[in-house]
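Novice: Got a structure for you, written out below as structure tokens; questions coming shortly.
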Amino acid sequence: MALKQSLHAHQQELQMVIDSPQKTGIMSEKEIDSPYRDFNHPYTPYKIQLDFMNALYDTIEEGKIGIFESPTGTGKSLSLICGAMKWLRDHQSISQLNPPQSADQDDSEPAWVREYHENMVKEKRLRKYKELEARIRRVREIEQREKANAQTKNWFGLQDENRRKRANASDKNQDDGSRFIVDDWDSGSEDVKSSKKDSSNKEYNNISSEVQELLKRLSGQTEDNSMDEELEDFDEEVKIFYASRTHSQLTQFVQQLRLPTYPPSELYQSESSLRHVPLSSRKQLCIHPTVSRLRDLNTINDKCTELQQNPTDRRCPYLMNEREVDDRVKTRDFRDRVLSDIRDIEDMSEIGSSMGVCPYYASRGAIELSEVVTLPYPLLLQSSYRKALSISLKNQIVIIDEAHNLLDAITSLFSMAISYSDIVKSKRCVEAYLAKFSKRLNGGNKVYISQIIKLLNVLELFLVGFKGSNGTEVSQNDVLLKDGVDTINIFKIENYVEKSKLARKVESYATQSIESAAVDDKENKNRARKLTASVPVLSKIISFLMALTNPSNEGKVFFEQTNADRFLKYLLLDPSFHFRSIVEEARCVILAGGTMEPVSDYMRYLLPYVPSERIRTLSCDHVIPRENLGVWTIATGPTGADLTFTFDRQRVDSIGQELGRTIANLTFVIPDGMVVFFPSYKYMEEVSQCWKKVPNGSMSIWDQINQRKTIFQEPRDSAQVESILSAYAQALSDKLGQQQQQQHRKAGGAILLAVVGGKMSEGINFSDHLARGIVMVGLPFPNARSADMVAKRRYVENTAYDETKRRELALLQEQYAGETAIPPSEMIGIDDSCKKAGEKASREYYENVCMRSVNQSIGRGIRHAKDYAVILFVDSRFGQERIQSKLPKWIRSRMTNGNSEDTKIACVLRSVREFFKEKN
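Position one of the sequence shown corresponds to residue 40 (the numbering used here), numbered consecutively onward.
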């Protein structure tokens, strides 16, 4: 962690003002003429930051979709915060408190009566805002006193003895079989038979009744409408939902969120920090002493659910019972304390622990009252999570950061795989469950459980009998129409598993079977362990079957086999469907990233249904002066050999040796640190072995490079990344110290061999001496023969073919409107043009996947306004205009483009030497 902080240490320097103004380009808009707005930026913003914030403000105001690119190191996070909060505070006006005009309002009433009523409603709503502000202010005052007095006691004191006993008792085994029984099922209503069942409670079907009651109260759905009245005035208040990919990225954003001072609005008269709530998974927020020690998220979720189902005296002690007044007060005090300051996930856990309140569930009560909600990708992108959290995006502002990952993230979230071993284990568990409780289940339950067993049996037999090779495409019908499965309604099965909580019940029973097995009866215990399928796999299998019901053009199914298992894999091909609900609900959606090129992919594959006039794109220049970055292509090596790393040439020793000689020459002219990115771990290792070969009577290339710069290599094991980075940074610090004692600086330093798409190509900042040179070796194209890529390219090709055909046919129909038929020759011409369009789209997609990886890697080296470095593309194909057009604008504009002489190593070495000579 200390290293990561040191690697990010120079990021704050980006706020220093430089004299030369920077230009900002908007791809689909004319050049910005920024109006004056005070964005309350904590530093003096650059021109490009002002342009970014103004473009963001206008995009929110106009309700558009924004695709914003701002290089890492240009203050993107602060620009997002200040631009969005400026709009939000500008629109928090008292006029918004006016009650909505109802359609059935009696216009015959005198004007003074209507005005009196509207003023009464407005005053009531304003009073709610004032009360909230007062509560939060009191919490802040108390916290400040606690800090000043160095108080260490808990906010509400230590947990009472009863809660401690419940915490200890919650881990004890139970032998009450009734808790495993699903509720009686009503086949007529396709729902559980329960007098307590609330039909509006569908989103909470996978959790216990007490948690359902808690969540209903937090979201204003209880019979006791006191919470309803408290939250009703905040229901439609516009909020900012900010999502990023990782927990660490969200933590960094929250740190930036604390920097500005947010001005008062008409609703909030005092200058205060904004109301913010961070949301996350149980893995980050669980405070139960036993559950929080578990590492696997699924295991944590399952154990939490099990504790909720326990009797009251063994239930999780941190779960508040909203039927108890004390617990209701504690939940609301937790909410007010969260909103009293800008908290990160660690703060939430600490507050929850000190108050004895589960932050995972209690944090949801703060959503309605917040202005900014931060959350990871899955909680935003999956409608099931939004539903469970009672998040409505209607008329809200959605900001998705690090959006260069978005297409892959959606594909990953909605693609899935099931294995033969999981199917077998699940079937055994369900069979054991049915055998144990058959006499206690009603007819409706037995019918559905029997159908589930039949589905599992069909899947098992299908995988056993399948004869295809790895990557073979499987037709959905081959799975769904076998052995009478077509008579089973998959949608009803999914509904049953969700509402009856069968998967959780079966898993709890399987878990107890293991725990109750005699310790000395190894055979029985091993048999019980085999029964326990990570049985929520049952839910995954049902989800997989549901995916098979999607149209075949949205996704494909493939067969895969390893030495240990067989798999069916569903690959999502069309991410636009799952993103559409967000776009259509939200007021505005902003996709932001440091490297969003090629932007065309987002238009085609994520937003094809959005009119072009509703999309605003912005590509910012970097804050560094032009002379602080040099970009060259190296097409030939020291011996004059061509440096083109196509797949068929990568394994040739001669090109590996030529690459080594090229890198060795560069170590003489690039000072301090160099980071060299390879297309894959395998190729990096092959090249390293090639460099280590010792010619007769001379030094190996590896030793030549290592003599100039100490070589470090990115490990495959992520656990070793931190130590390698620390050693690399230390080696540079040692070299730097030695050089500063000498009169003249030498090239020296260290060199890090890394991998595109690896652990060091994203999230690590190689600022200043950590990377004076970034070298990109080859173009990291994905495996064109993989089943995933073949299917994706075929989908892209077919989509482009169909779109072109529709467009061309429409033109011909208009041209030949007065004739009986379109001439056959014209139809043949259409088919040819459609094929060409499809092939071009497929090639473009393949190149764009590659270039997104390149762009993410090469942005690692420039991190603040005074930083400087060179970027070297070692592959002749980088000289092609088509490839260069896919690079970020701030890099593309600084490339040295000339004749072939400019791409020879000798010419590049002279240019690089001059570049660094000027910096000294």
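Idealized CB from N, CA, C, for every residue including glycine.
Between the region 643-651 and the region 610-627, do three or more beta carbon pairs fall short of 8 Å?
Specialist: Yes, the region 643-651 is in contact with the region 610-627.
Novice: With 16 as the cutoff for other CB atoms within 10 Å, does V670 come out buried or exposed?
Specialist: Here residue 670 is taken as the residue at index 631 of the sequence shown, counted from 1. Per the 10 Å Cβ criterion, buried.
Novice: Along the chain, where does the alpha helix (DSSP H) that runs through F91 open and close?
Specialist: In the sequence shown, counting from the first residue as 1, residue 91 sits at position 52. Per DSSP, F91 belongs to the alpha helix (DSSP H) from 86-101.
Novice: I'd like the ranges of any alpha helix (DSSP H) spanning at least 4 consecutive residues and lying wholly in the region 817-863.
Specialist: Restricted to the region 817-863, the alpha helix (DSSP H) segments that are unbroken, complete and at least 4 residues in length are 826-854, listed in chain order.
Novice: Do R811 and P710 come within 8 Å of each other at the CB atom, strictly closer than that value?
Specialist: Numbered from its first residue, the sequence shown carries residue 710 at position 671. Numbered from its first residue, the sequence shown carries residue 811 at position 772. Yes, these two residues count as a Cβ contact at 8 Å.
Novice: Tell me the DSSP secondary structure of L791 in three-state form.
Specialist: Position 752 of the sequence shown holds residue 791. Three-state DSSP puts L791 in a strand.
Novice: I'd like the span of the alpha helix (DSSP H) that includes E499, first residue to last.
Specialist: Translated into positions along the sequence shown, residue 499 becomes position 460. Looking at the DSSP string, the run of the alpha helix (DSSP H) that includes E499 is 482-504.
Novice: With a cut-off of 8 Å, do at least 3 Cβ pairs link the region 313-328 to the region 397-406?
Specialist: Yes: the two stretches touch, three or more of their Cβ pairs being nearer than 8 Å.
Novice: If you drop the 5 nearest sequence neighbours on each side, which residues of the same chain put their C-beta closer than 7 Å to that of F501?
Specialist: The sequence position of residue 501 within the sequence shown is 462, counting from 1. V518, K521, listed in sequence order.
Novice: In chain order, what residues of the same chain lie with their CB nearer than 8 Å to the CB of V708, ignoring the 5 residues before and after it?
Specialist: Mapped onto the sequence shown, residue 708 falls at position 669. A786, L948, V951, R952, F955.
Novice: Tell me the rounded alpha-carbon separation between Q696 and T706.
Specialist: To locate residue 696, count along the sequence shown from 1; it is residue 657. To locate residue 706, count along the sequence shown from 1; it is residue 667. If you take the alpha carbons of Q696 and T706, they lie about 15 Å apart.
Novice: Whole beta strand (DSSP E) runs in the region 631-662 with 3 or more residues, listed along the chain?
Specialist: 654-659
Novice: Whole angstroms is fine: what's the gap from Y424's alpha carbon to K579's?
Specialist: The residue you call residue 424 lines up with position 385 of the sequence shown. The residue you call residue 579 lines up with position 540 of the sequence shown. Distance between the alpha carbons of Y424 and K579 is about 15 Å.
Novice: Can you tell me the Cβ-Cβ gap for C468 and A549, rounded? I've got them flagged as a contact below 8 Å.
Specialist: Within the sequence shown, residue 468 is the residue found at index 429, counting from 1. Within the sequence shown, residue 549 is the residue found at index 510, counting from 1. Confirmed, about 5 Å.
Novice: Check V524 in the structure and name its three-state DSSP category.
Specialist: Here residue 524 is taken as the residue at index 485 of the sequence shown, counted from 1. Correct three-state label for V524: helix.
Novice: By Cβ distance below 6 Å, which residues in the same chain neighbour Y416 in space, the five residues on each side in sequence not counted?
Specialist: One-based indexing of the sequence shown puts residue 416 at position 377. Closer than 6 Å at Cβ, skipping near neighbours: A282, R284, A448.
Novice: Just how far apart, CA to CA, sit N936 and M799?
Specialist: Indexing the sequence shown from 1 puts residue 936 at position 897. Indexing the sequence shown from 1 puts residue 799 at position 760. Each residue's Cα considered, the two are about 29 Å apart.
Novice: Please classify T511: does DSSP put it in a helix, a strand, or coil?
Specialist: Within the sequence shown, residue 511 is the residue found at index 472, counting from 1. Correct three-state label for T511: strand.
Novice: Per DSSP, which one or two residues make a beta bridge with D225?
Specialist: Counted from its first residue, the sequence shown places residue 225 at position 186. Paired residue(s): D230.
Novice: If you draw a straight line from the alpha carbon of D222 to that of N484, how long is it in whole angstroms?
Specialist: Indexing the sequence shown from 1 puts residue 222 at position 183. Indexing the sequence shown from 1 puts residue 484 at position 445. Distance between the alpha carbons of D222 and N484: 8 Å.
Novice: Could you check if K125 is buried or exposed, using at least 16 other CB atoms within 10 Å of its CB as the buried criterion?
Specialist: Residue mapping note: residue 125 aligns to position 86 of the sequence shown, counting from 1. It counts as buried.
Novice: With P415 as the anchor, note down where its beta strand (DSSP E) starts and where it stops.
Specialist: Here residue 415 refers to the residue found at position 376 of the sequence shown. Taken as a continuous stretch (DSSP letters only), the beta strand (DSSP E) holding P415 covers 411-415.
Novice: Are S620 and S458 close, meaning C-beta to C-beta below 8 Å?
Specialist: Within the sequence shown, the letter at position 581 stands for residue 620. Within the sequence shown, the letter at position 419 stands for residue 458. Contact: no.
Novice: State the beta-bridge partners of C627 as determined by DSSP.
Specialist: One-based indexing of the sequence shown puts residue 627 at position 588. DSSP lists I436 as partners of C627.
Novice: Looking at Q347: is its Cβ nearer than 8 Å to the Cβ of R354?
Specialist: Mapped onto the sequence shown, residue 347 falls at position 308. Mapped onto the sequence shown, residue 354 falls at position 315. Yes, the pair counts as a contact, with Cβ atoms nearer than the cut-off.
Novice: What residues match up with E599 in a beta bridge as DSSP calls it?
Specialist: Residue numbering aside, residue 599 sits at position 560 when the sequence shown is read from its first letter. Note: E599 sits in a beta bridge opposite F606.
Novice: For D90, is the classification buried or exposed, using 16 other Cβ atoms within 10 angstroms of its Cβ as the cut-off for buried?
Specialist: Within the sequence shown, residue 90 is the residue found at index 51, counting from 1. Buried.
Novice: If I follow the unbroken alpha helix (DSSP H) through E724, where does it start and stop?
Specialist: In the sequence shown, counting from the first residue as 1, residue 724 sits at position 685. Run containing E724: 720-730, per the alpha helix (DSSP H) assignment.
Novice: Under 8 Å, do F820 and T672 count as touching if we go by C-beta distance?
Specialist: Residue 820 sits at position 781 when you count from the first residue of the sequence shown. Residue 672 sits at position 633 when you count from the first residue of the sequence shown. A distance of 8 Å or more separates the beta carbons of F820 and T672.
Novice: In the DSSP assignment, what residue or residues form a beta bridge with Y281?
Specialist: Here residue 281 refers to the residue found at position 242 of the sequence shown. Answer is T413, I438, bridged to Y281.
Novice: Report, in whole angstroms, the separation of the C-beta atoms of A703 and I744, which I expect to be a contact under 8 Å.
Specialist: Here residue 703 refers to the residue found at position 664 when the sequence shown is read from its first residue. Here residue 744 refers to the residue found at position 705 when the sequence shown is read from its first residue. The pair is a contact, with the Cβ atoms about 5 Å apart (cut-off 8 Å).
Novice: Compare the Cα-Cα distances from F453 to each of L611, L313, N337 and report the closest residue.
Specialist: Here the question's residue 453 lines up with position 414 in the sequence shown. Nearest C-alpha to F453: L611.
Novice: Would the region 530-549 count as touching the region 847-855 if we require 3 or more Cβ pairs under 8 Å?
Specialist: In the pairwise beta carbon analysis, the region 530-549 is classified as not touching the region 847-855: fewer than three pairs are separated by under 8 Å.
Novice: If we call anything under 8 Å between Cβ atoms a contact, is V596 one with Q515?
Specialist: Stepping through the sequence shown from its first residue, residue 596 is reached at position 557. Stepping through the sequence shown from its first residue, residue 515 is reached at position 476. In this structure, Q515 lies closer than 8 Å to V596 by Cβ.
Novice: What distance in whole Å lies between the Cβ atoms of R626 and G122, which are believed to be in contact at a cut-off of 8 Å?
Specialist: Here residue 122 corresponds to residue number 83 of the sequence shown, with the count starting at 1. Here residue 626 corresponds to residue number 587 of the sequence shown, with the count starting at 1. Rounded, the Cβ-Cβ distance is 15 Å, inconsistent with contact.
Novice: Please report how far the alpha carbon of S451 lies from the alpha carbon of V160, in whole angstroms.
Specialist: If you number the sequence shown from 1, residue 451 lands on position 412. If you number the sequence shown from 1, residue 160 lands on position 121. Cα-Cα distance, rounded: 47 Å.
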